[in-house]
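Peer 1: Heads up: the protein sequence lines correspond to chains A and B, in order.
Numbering-wise (this note's numbering), the first sequence opens with residue 535 and increments by one.
Numbering-wise (this note's numbering), the second sequence opens with residue -16 and increments by one.
For glycine and all other residues, C-beta sits at the position ideal for the given N, C-alpha and C.
The structure's right below; bear with me while I get my questions together.
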Amino acid sequence: MTLAVDVVVRRDDFSVRAAFEAQPGETLALLGPNGSGKSTLVDAIAGLLPPSEGSVILDGTALDDTTHPAHVTPDRRPIGVVFQDLLLFPHLSALENVAFPLRARGVPASEARDRARRLLERLEVDGRAGARPRELSGGEAQRVALARALVPAPTLLLLDEPLSALDASARPRIRDLLRRELRAFDGVRILVTHDPVEASSLADRLVILEHGEVTQIDTPEQVRTAPRTRYAADLVGVNAFLGRLEPSEDGAGRLVTDDGEIVVPWPEWDVDGDVIAIVRPADITLWLEQPTGSARNVTRGTVTSVSVEGDRARVRIKSAPSLVAEVTTGSVERLGLREGAEVWASFKAVEVELYPA
Amino acid sequence: MLGLVIRTPWSRIGEILTSETALTALRLSLMVAMAAAAISFVTGFPLALALARGSFRGKTLVRTLVVLPLVMPPVVAGVGLLAAFGRRGVLGSWLYEWFGVQIVFTTWAAVLAATFVSFPLAVLALEAGMRGLDERLEDAASTLGASRWYVLRRVTVPLMGPQIAAALVLAWARALGEFGATITFAGNLQGRTQTLPLAVFERLQTDPEAAFAISMLLIAVAFAVILALRGRFLR
């Protein structure tokens, strides 16, 4: 049940070139800034926009192939798509929306409705079964759209920006739901997003797309350690900590993660639920001895990898919590940084950026 | 319109409108208009779809031909239909020889004449509706396993409900008022081709008051149409 994509897709005067494979049971994130060609690629995989070159092969079957001309129409692809703008049918109730794919396949109305209702129950939105899409909240609509994509039991699930339309308060619950559903789905899972945090928290591997080209395919961990481009370094290659925020004595906060604690500034917004803290690798200073200074976050750890990119190096440190620091290659030599070396790392609390999870 | 309101014999209106000839004309008018609207819709829908979505050579020409009946004098349309479907017409002679069917001066001729003039309105209204439709919804439906026919039936047509209603009402109203093409092509035969406008025309020479009364009826229908379309086409 592998998906193998190797295509050039053109839309208007924009073209996307991408080659990647996705294995069953893994979640692959297509990550890139707006305008990088993500949605074009989604349309190509879904069959709405045939590639001008290359092939899309799912489970050994060519869905598209320009060398042995083949094109399987969207309605015959075993692919469930949740579109960015959901595209729920406004004239049908939530339940009828979810029953639609089954009805289209000739399943009798009562059975289709039963199966749709069961899925809505699993996604905890069955109480809104009779509502029209415009009466649903963002989170409810997202659940209905997910149910509609899942109900015909596709072998490939394609989620396009599933959290972007939600307000911050609805996001954590839907993210948890997505994580659960993605884990339970045993086919190929593809998540399309411009949000590195979303990608890193839900995906096993990232396909980074910039200006219509794939610039890196790696695990989030590898991208963090060795980003190939500025975009990857700036957005993906950051230290991101998910945890619970607790007030500390002096107006600051302590972010408690599974992997240790860090001191952070108290946010200006109302804290409700988990928080994500971002620390840029370049903001982390490394020391051979315990530093005494103004930095509130000081931790000790072991270097697990050093990867050099030009005159900069990314240093992974196993500590509580684990960190990636970016230093000059000069510093690497001066401090004798190599695998196994013991170092101290420090960063200021004010350099930590906080976001609601 | 004011003149008509003043001249209408309000005391006699009930009697005139329930007279045998008026009722026959009304019944025939309603039937002809409904048939014309239905035919315009059924044949106009695929054409509107092609005009809104398709890209083919001669699209401009097709659109011009569709709109033409709107701007050409109905009497010319009648003459044209006569040339095509008359006993010695291009198609008419053929129909008569092979099937013994004669269209001209029958109710079918009235329907054909009314269809001819209402068809452009139906196509234009449907095409506008299709352009306003979010095609991504149809894309979504196809990724959910719906064939093109199923998408048309369960997504496109239901979403176009209001526009389809508008197209039907417009076509129906135009068909109801058709005069020139009908009298030329179908004649003025009571009970067969004499629709309300034809009845008005005839009555004007014999009983002007009755003509005024029937005219008021047609105005009332026009008002009803506008009310029905309010909030859809007219705001």
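Name, please, each residue of chain A whose Cβ falls closer than 7 Å to the Cβ of B:V138.
Peer 2: F623
Peer 1: Would you verify that the beta carbon of A:R668 is, or is not, closer than 8 Å to some beta carbon of chain B?
Peer 2: Not an interface residue.
Peer 1: In three-state DSSP terms, what is B:G(-14)?
Peer 2: helix
Peer 1: Taking 8 Å as the threshold (beta carbon to beta carbon), is A:R677 in contact with chain B?
Peer 2: no
Peer 1: Given a cut-off of 8 Å, decide if A:R762 and A:P815 are closer than it, judged by their beta-carbon atoms.
Peer 2: no
Peer 1: Just list the alpha helix (DSSP H) runs in the stretch 592 to 663 of chain A, keeping only unbroken ones of 4 residues or longer that don't cross its boundaries, in chain order.
Peer 2: 628 to 638 and 643 to 656
Peer 1: List, in order along the chain, the chain A residues whose C-beta lies closer than 8 Å to that of B:G174?
Peer 2: What B:G174 touches in chain A: nothing, since even the nearest Cβ is about 43 Å away.
Peer 1: Using the three-state DSSP reduction, which class does B:V87 fall into: helix, strand or coil?
Peer 2: coil
Peer 1: Looking at A:L582 and A:P608, is the spacing between their C-beta atoms short of 8 Å?
Peer 2: At a Cβ-Cβ threshold of 8 Å, A:P608 and A:L582 count as neighbours.
Peer 1: I'd like to know whether the C-beta of A:A638 is nearer than 8 Å to at least one C-beta of chain B.
Peer 2: So yes, A:A638 belongs to the interface.
Peer 1: For the stretch 187 to 204 of chain B against the stretch 127 to 142 of chain B, are there 3 or more C-beta pairs whose distance is under 8 Å?
Peer 2: no
Peer 1: Taking the C-alpha atoms as reference points, what is the distance between B:T90 and A:L692?
Peer 2: 57 Å
Peer 1: B:L151 touches chain A at which residues, Cβ-Cβ below 9 Å?
Peer 2: Residues of chain A passing the Cβ test: none, with the nearest at roughly 18 Å.
Peer 1: Nearest-angstrom Cα distance between B:L181 and B:V49?
Peer 2: Here the alpha carbons of B:V49 and B:L181 stand approximately 26 Å from one another.
Peer 1: Give me the DSSP bridge partner(s) of A:D752.
Peer 2: A:L740
Peer 1: Is there at least one Cβ from chain A nearer than 8 Å to B:P145's Cβ?
Peer 2: no
Peer 1: Assuming the contact rule is C-beta atoms closer than 8 Å, B:L9 and B:L179 should be a hit. Round their C-beta distance to whole Å, please.
Peer 2: 6 Å
Peer 1: Between which two residues does the beta strand (DSSP E) carrying A:W821 extend?
Peer 2: A:W821 -> beta strand (DSSP E) spans T819 to W821.
Peer 1: What are the start and end residues of the beta strand (DSSP E) that includes B:A169?
Peer 2: It is not in any beta strand (DSSP E) - B:A169 carries neither H nor E in the DSSP assignment.
Peer 1: Would the stretch 829 to 837 of chain A count as touching the stretch 865 to 884 of chain A if we require 3 or more Cβ pairs under 8 Å?
Peer 2: They touch, by the three-pair rule.
Peer 1: Touching or not, the stretch 162 to 174 of chain B and the stretch 38 to 58 of chain B, by the rule of three or more beta carbon pairs under 8 Å?
Peer 2: Contact between the stretch 162 to 174 of chain B and the stretch 38 to 58 of chain B is present, because at least three Cβ pairs lie under 8 Å.
Peer 1: Would you say B:A96 faces chain A, with C-beta separation under 8 Å as the test?
Peer 2: The C-beta of B:A96 comes no closer than 8 Å to any C-beta of chain A.
Peer 1: Classify B:F39 as buried or exposed, calling it buried when 16 or more other Cβ atoms lie within 10 Å of its own Cβ.
Peer 2: exposed
Peer 1: Our contact map puts A:P696 next to A:L712 with C-beta atoms below 8 Å; I'd like the distance itself, whole angstroms only.
Peer 2: 6 Å
Peer 1: Expressed to the nearest angstrom, what Euclidean distance is found between the alpha-carbon atoms of A:R639 and A:A766?
Peer 2: 42 Å
Peer 1: Taking the C-alpha atoms as reference points, what is the distance between B:F285 and B:F28?
Peer 2: In this structure chain B extends from -16 to 218, so residue 285 of chain B is not present and cannot be described.
Peer 1: Would the beta-carbon of A:T763 be found less than 7 Å away from any heavy atom of the ligand COA?
Peer 2: The ligand content of the structure shown is nil, which means the ligand COA is not present either.
Peer 1: Return no unless some Cβ of chain B is closer than 8 Å to the Cβ of A:P585.
Peer 2: no
Peer 1: Based on the DSSP output, what are the partners of B:K42 in its beta bridges?
Peer 2: Answer is none; B:K42 lacks a bridge partner.
Peer 1: So is A:L582 in contact with chain B if we call contact Cβ pairs under 8 Å?
Peer 2: Taking 8 Å as the threshold, the shortest C-beta distance from A:L582 to chain B falls below it.
Peer 1: Rounding to the nearest angstrom, what Cα-Cα distance links A:G664 and A:E655 in this structure?
Peer 2: 13 Å
Peer 1: The alpha helix (DSSP H) that contains B:R175, what's its start and end?
Peer 2: Where B:R175 is concerned, there is no enclosing alpha helix (DSSP H), given that its DSSP letter is neither H nor E.
Peer 1: Please report the distance separating the alpha-carbon of B:V106 from that of B:L201.
Peer 2: 24 Å
Peer 1: Exposed or buried, A:R662, counting other C-beta atoms within 10 Å across all chains shown (16 or more means buried)?
Peer 2: buried
Peer 1: Can you tell me whether DSSP reads A:R666 as helix, strand or coil?
Peer 2: coil
Peer 1: Tell me whether A:N568 is buried or exposed, calling it buried when 16 or more other Cβ atoms sit within 10 Å of its Cβ.
Peer 2: exposed
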